[in-house]
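**Q**
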Amino acid sequence: MNRISKEELLETLFHDDYEHLKGKRLRMTRLRVPGREVCLAHIITPSDPCIYQNLGLHIGTHAGEDHTGDAIGMVRLTPWEAVVAAADIAVKAGDVQISFMDRFCGSLIITGGLSQVQTAVTEVVRFFGEELHFKTCAIHKS
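In terms of the working numbering, the sequence shown opens at residue 1133 and continues consecutively.
Structure follows, in structure tokens:
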């Protein structure tokens, strides 16, 4: 995808009124309309405790827990409320814990054994793609 200049963008957006608007002060607002998609599905197997601490997996309802050695599954969905269904699917598909869930931005983090996290993330992506016809992404692992 080639980048376009500000003038080219304005001309594209306001093609009929562009000459009339030229030289006037314009205010542009960017708006994100959530679609139906799983836009991130990632599994990591960190071994350094600082990763778990930086994700906040040792505070709140998980205070005092040590997740070192657990795999971490991260899923991001839109619309954001879909994360509630994703969390339900994940815990039913594998022996995983909900470590973080944000229904206002669609983020889900689960922890558990590597094979259980893989099973849970795979089932979430499968369910949303096949059953709900969401656009899905590939599951990445590091």
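Ideal Cβ placement from N, Cα and C applies to all residues, glycine included.
1. Assuming the contact rule is C-beta atoms closer than 8 angstroms, residue 1170 and residue 1269 should be a hit. Round their C-beta distance to whole Å, please.
2. For the 8 angstroms Cβ check, are there 3 or more pairs between the segment 1174-1191 and the segment 1137-1156?
3. Could you check what DSSP says for residue 1209 in three-state terms: helix, strand or coil?
4. Have a look at residue 1227 and residue 1201 and give me their C-alpha separation to the nearest angstrom.
5. Rank 1183, 1167, 1175 by C-alpha distance to the C-alpha of residue 1212 and give the top, closest one.
**A** Reading off the structure:
1. Residue 1269 and residue 1170 do touch by the CB rule: their CB atoms are close to 6 angstroms apart, below 8 angstroms.
2. Remark: fewer than three beta-carbon pairs, one from each stretch, lie closer than 8 angstroms, so the segment 1174-1191 and the segment 1137-1156 are not flagged as touching.
3. Looking at residue 1209 - three-state DSSP - the assignment turns out to be strand.
4. CA-to-CA, the gap between residue 1227 and residue 1201 works out to about 15 angstroms.
5. Of the candidates 1183, 1167, 1175, the one whose C-alpha sits nearest the C-alpha of residue 1212 is 1167.
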